[in-house]
Structures are given as C-alpha cells and as structure tokens.
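Protein chains in written order, with this note's numbering: chain A, 2 to 512; chain B, 3 to 167. In what follows, a single structure is set out as structure tokens and then discussed.
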C-alpha cells in the first residue's frame, strides 16, 4: 500500500478521500487554493500545501502545481477525486513521468473511454448499443444543422470533454439550435478548456441508469450493480439511488456484462461508471463512461458493503480485487441527495456565504458526506455542492422514510440550501412509485409544484406564534450582528440568552 | 419591548417582557405559554405548551426569513421605539424596474443593448457564479433604459444591473 497520497481536489470528495486514507493508515496530503485555506479538507488531511489563487484554472487545474506539491511532500500516489483533473489524461501521464501512481485508469484507457466520441466508437465495435447521433465532434454550424435534421428533433448537444451537465443543451427545434450551440460551446470551453460538441438524439422519457465497474491490473473486472440517477435538474443529477426501482436480475446481468465488456475493450483499470439510458421497454443504450469515482458512489457502497475509495487505492497499488463477480451481493436500498448552496425559491441561484448555524442529521441509516462546517464561508469560486446526504434501509420505502426524517433534521442558515426541494420530491407519488425519467424534475418544476409537503406535525398557529416569538428575540438580541458576520463559530451571548433561559443548554456542535 | 411584526404581510402586536428569570411573549394581547432559548446565532428552541419547535431567523432583503421545520415566513419588524421609519424608500417611478444581481458573480454576457425593447422574461444577462451560468431575465416588458454593467465585470449580490422602463 502507498505511504502518502496527495488529494488533488477540494470539498466533500477531498474529505472523503482523506477519511479513507486515515482508515488505511496512509498519510493524506491536501492541496488548497487561496479561497480554501479554512476548508474542511485542509483541516482533516495530515498535511496541506497551497497551490495558487482561487480560480481553479490557476490552482486545482494546474498539473505542474499538483505534481510539484506531490513531489515536495514525498507522495507515492495521487487521488484526483471527481471533476477538476480527474478525467484529464495529461495528469495520468504526468504521474507516470514523475513516478507517482495515479489512482485511476491509464491515460490511454481514459482517452479511449473518457472521450465521449471515442467511447461511442468503441461501444459500436463491441456491440454495446448506443444512443443514435454523431460518433465524432461536429466541426461547423452548417454540419450541425445537417446532422440535427438527419437525426430528427429533439436533439441534445454535448461537450466532448463533458460531464456534470456542463456544456450540454437539449434542443427542441431548429430555431433554437444556433443559440444552444453558442451557449453549450462557451460553457464547455470555460469548464473543460475544450469547446467541441457532439450531437445525440434526445430520447423521450428515458431513465438514466449506470453501472459501477471495478477493474484490477490483473484482468479481473466486476460490476457492482447499478445506480438510478433519473432525478436530474437541467442534466445535473439531484437524487441517486441503488438499486434502480425498475431493475430485474436479468437486466442487471445484461447491463453489467455490457459495461464489463466495454471496460475490457478499453483496457480499463480502477473504478469507473458506464452510463446508460433505459427506455420504457427496458432497452438500454450506452451513453458515456465516467473514468473516475462518481459523486454518487456512496449509494453503491451502502448496498454492496464496499468502500470504493479503499478499493481504488488497493487496485492502484497493484493488488488483486478481493472478490469475484459471484461474490457481489446487493442488500437493502440507498438514496442520496446532493445538497447545494442554492435557492430553490429563486431559480436555484447559487447562494454562497457564511454558514451561521447548521444542524446535521444522524441516526439509523444516515450517512452525511460533506465538506463544510458552521462558521465556514462557502466560496463563490467553485461548484456550490455542500455535500451528500445518504439514507439506507432494508427496502426502498424504509430508505425514503429515513431520508425524509434526515431532511427534516437538516438546516443551514446564512446560506440557502436546496433541502426543501428534496422534501418536496420525496412527497410526490411519482418518486414514491419510482415513476421517474431524466426530464421528470424539470417537467415537475415547470408544471407547478403541487406536492408541497404538509408541516412536520406542528399545528400551524403554534408554529406561527413560535415564528413571531423568534422574530422578536432576533430583533431584541444579537440577530443583526450575527447577520453581518460578527461571530465566528462561537456566538457571543445575547442579552436575552442569559436572561431568557432557565436551564443550561449546550451550544449545538457543528458536526 | 413592543413590536409590530408582519408575518407574510399580516401584522401582529408582539410584546417581550422579562418576568423574573423568564422571558414572556405576548402576541396580539394573548400571553404565550412558551419558553425560549437561543441555541446559536438566529436559532431558537421554543417550547409552546410542551410542543418543541426549533426556529431559524435570518435576514433576507430588508426583512427577516423565519422558518421552522419545512414552514417558512417572511417577517417585517417595526419597532416603534426606533426613530427610523419603515423602509419604503427607494421606490421607483411607476413601472420602472431595477434589475439587480441575485448573487455575486461575473457578467459573462450582456444580451441586450441600451434602448432596446425587451419582453417580460427575456434574457438580459448571463452571470457566472460557482461555475454555473445563469440567465437573468427582464421582470417586465419595456425598454432597457440604462445598462449599468458590462461584460467581464464582477458584481456583488444586489448590485444594480439595468433599469427597465
């Protein structure tokens, strides 16, 4: 096993990797930009080194700085997390040159499978069904119109280097094509430094179901079941679960074997995810492969009793997979919510700022993978995801019950979060019956939000009285100074606090 | 301390008084059988007749956002002792609307020109914050009277971007 691993990332995934390192007795090394000096990953890692200014293009995306920090700290491996450099073959290559192990696939496999267009070629070669559309990047606007007409609207434009819904636009009709092309291309250029796009047929009401694969360096490849990721907002996954509510053992075997076949054809090693679109007849079409750890990996961990980050490290260190396909057993159900600093009441605008107070859920079946703490300021410079709340239970219904309980426990003030959206989604009959598709949430939000949840049991009049009481206390006490950030983690006592309470109540810990 | 608090627009008279160790709250003349402690900044645990409610209060625009569980209200507080009047200032001339930035970010694209006629919900700006590009739309149909920002400019939350008349 490695002695010391550099984590080339930030936020919750850097924290997740640092924790796996700690579990395995491996020293962890964080890197941070100027905006992240106070971030949780810096606090939890064994060592931490600065790598430049806040913009990721001058820090987290600079390969020389990452390699430089790894060398300086004497690391024998680099874990890229997801996003940033995770799917950049240049980092994998730079690692080979620096004689540092890259915890992920080889640069060659990444190019074959991580490039959306190359992967579509490969899938066709090995008879894995793909979504209709182009196999190569589109060169010009003229070519685009021709191809779009031939494929038939609606179509979707996607970034060749893409992921996470960035640089992606669905187009209903020809008149929207030019604007969508412009926006998607500039967004892709900004996010990935590569503005090239390709085109796919936009399938009607498909489900997004993906297969987790693990491949060691000795030719062993297994699949760890699927994740259903159909609840998306503007192509960004919002809720993921395992197993999929529509999965059958036979379909799982077919999709799993297709995923393994593709991974094998691309010479893939380490953890990867093969994404499919599945139609109402349960036909599956290859969408793309993510050549890295996924945001939603915890739901697979919960139902397969594995630790994917640990397995990634073992594979990169040259160890054999500790189990075979027939040893993989699924048990129970897990659902994950991606908690973002954004305002669901205001068009989901990002809401960076200082977290003034926070209550985090816990208890049976609850796992919270996050990278924030009370008193920390969510920076403006990066993706606004705070972390992931995962609930598991013996079946889907129990997982939903526990998730709902955990969401009721969760709040953060000072910033806005999308937690209320999850309560709402969980209350819809469509989600409860698993009747969802990739555009379901966008349709639901557009058609009006009908299933606003009932209160958490408190009589509304009483809750109103409590609200009035609290508003008065806020006015009388230290509310205003708290709002202006006068407090760090420890609030100064308000003049009402000492007078108003009869019993000593401990300040709530931040974790 | 006597306050007038409007909860979602409906005004209530709220009085806070110190009675011995205890803080007493009276709402619209009726004393509330309640006990309150502050847990953290803007966080109050309130027991009303045995029922446990945890209430968060945080400033939102000119008022206060108050929430418990999944219920949420907007509160406007008027303190008669305070000399400053209720904020009704800054009211625009009839029909003129100021478009402001809903979050801090960078203006990556200005989609209209000064003097241009725009429709309601037409895109005016593309703002990038936290790697996401968001379109800011016109609140009404009318004419772009003034453009107050240009492409590449970084803006704070609440910054005026344009005037639509």
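Glycine included, every Cβ here is placed at the ideal spot set by N, Cα and C.
Taking a 10 Å sphere around the C-beta of residue 142 of chain A, we find fewer than 16 other C-beta atoms and assign the residue as exposed. From the beta-carbon of residue 135 of chain B, the residues of chain A found nearer than 7 Å are 188. The contact set of residue 475 of chain A on chain B, defined by CB atoms closer than 7 Å, consists of 44, 59 and 66 in chain order. Listed along chain A, no residue sits closer than 7 Å to residue 119 of chain B by beta-carbon distance, the nearest being about 19 Å off. Taking 7 Å as the Cβ-Cβ cut-off, the stretch 52-74 of chain A has no residue approaching chain B. Linking residue 138 of chain B to residue 348 of chain A through their CA atoms gives a straight-line distance of about 10 Å. Interface criterion not met: the Cβ of residue 390 of chain A is under 8 Å from no Cβ in chain B. Contact annotation, residue 379 of chain A with residue 353 of chain A: C-beta distance approximately 5 Å; criterion of less than 8 Å satisfied. CA-to-CA, the gap between residue 258 of chain A and residue 399 of chain A works out to about 30 Å. With a cutoff of 8 Å on beta-carbon distance, residue 368 of chain A and residue 391 of chain A are scored as near each other. When Cβ-Cβ separations below 8 Å define contact, residue 47 of chain A makes no contact with chain B. DSSP lists B/70 as the bridge partner or partners of residue 73 of chain B. Under the three-state reduction of DSSP, residue 431 of chain A is assigned to helix. Within the stretch 21-35 of chain B, the residues whose Cβ lies closer than 8 Å to any Cβ of chain A are, in chain order, 23, 24, 25, 27, 29 and 34. The three-state secondary structure of residue 63 of chain A, taken from DSSP, is coil.
For residue 364 of chain A, the number of other beta carbons within 10 angstroms of its own is below 16, and it is reported as exposed. Cβ neighbours of residue 88 of chain A within its own chain (closer than 6 Å, five residues either side excluded): 115, 292 and 293. Taking C-beta separations shorter than 7 Å and ignoring five residues to either side along the sequence, the partners of residue 192 of chain A in its chain run 167 and 168, following chain order. Counting the other Cβ atoms within 10 Å of the Cβ of residue 73 of chain A gives fewer than 16, which makes it exposed. Selection A/17, A/15 and A/30 evaluated against residue 5 of chain A yields A/30 as nearest (Cα-Cα). Near chain B, meaning a CB-to-CB distance below 8 Å, the residues of the stretch 413-444 of chain A are 414, 415, 421 and 424.
Burial check for residue 158 of chain B: the Cβ neighbour count within 10 Å stays below 16, so the residue is exposed.
Interface criterion not met: the Cβ of residue 313 of chain A is under 8 Å from no Cβ in chain B. Per the C-alpha coordinates, the member of A/77, A/232 and A/42 positioned closest to residue 338 of chain A is A/232.
Contact between residue 123 of chain A and residue 312 of chain A does not hold, since their C-beta atoms are separated by about 24 Å, which reaches or exceeds 8 Å.
Distance from residue 223 of chain A to residue 326 of chain A at the Cβ level is roughly 5 Å; contact confirmed, criterion being Cβ atoms closer than 8 Å.
Residue-level contact check: residue 37 of chain A does not touch chain B, since none of the beta carbons of chain B fall below 8 Å from its beta carbon. Around residue 465 of chain A, the beta-carbon contacts reaching into chain B at under 8 Å are 9 and 75. Contact with chain A is absent for residue 165 of chain B, since none of that chain's Cβ atoms lies less than 8 Å from the residue's Cβ. Residue-level contact check: residue 6 of chain B does not touch chain A, since none of the beta carbons of chain A fall below 8 Å from its beta carbon. By the neighbour-count definition (other C-beta atoms within 10 Å, threshold 16), residue 188 of chain A is a buried residue. Counting along the chain, no alpha helix (DSSP H) covers residue 27 of chain A, and no H or E run does either. Taken in chain order, the complete alpha helix (DSSP H) segments of 4 residues or longer contained in the stretch 288-326 of chain A are 298-305 and 309-317. Around the beta-carbon of residue 298 of chain A, 16 or more other beta-carbon atoms lie within 10 Å, marking it buried.
With distances taken between CA atoms, residue 129 of chain B lies nearest to B/104 out of B/104, B/114, B/150 and B/115. Ranked by Cα distance from residue 142 of chain B, the options B/100, B/68 and B/153 are led by B/100.
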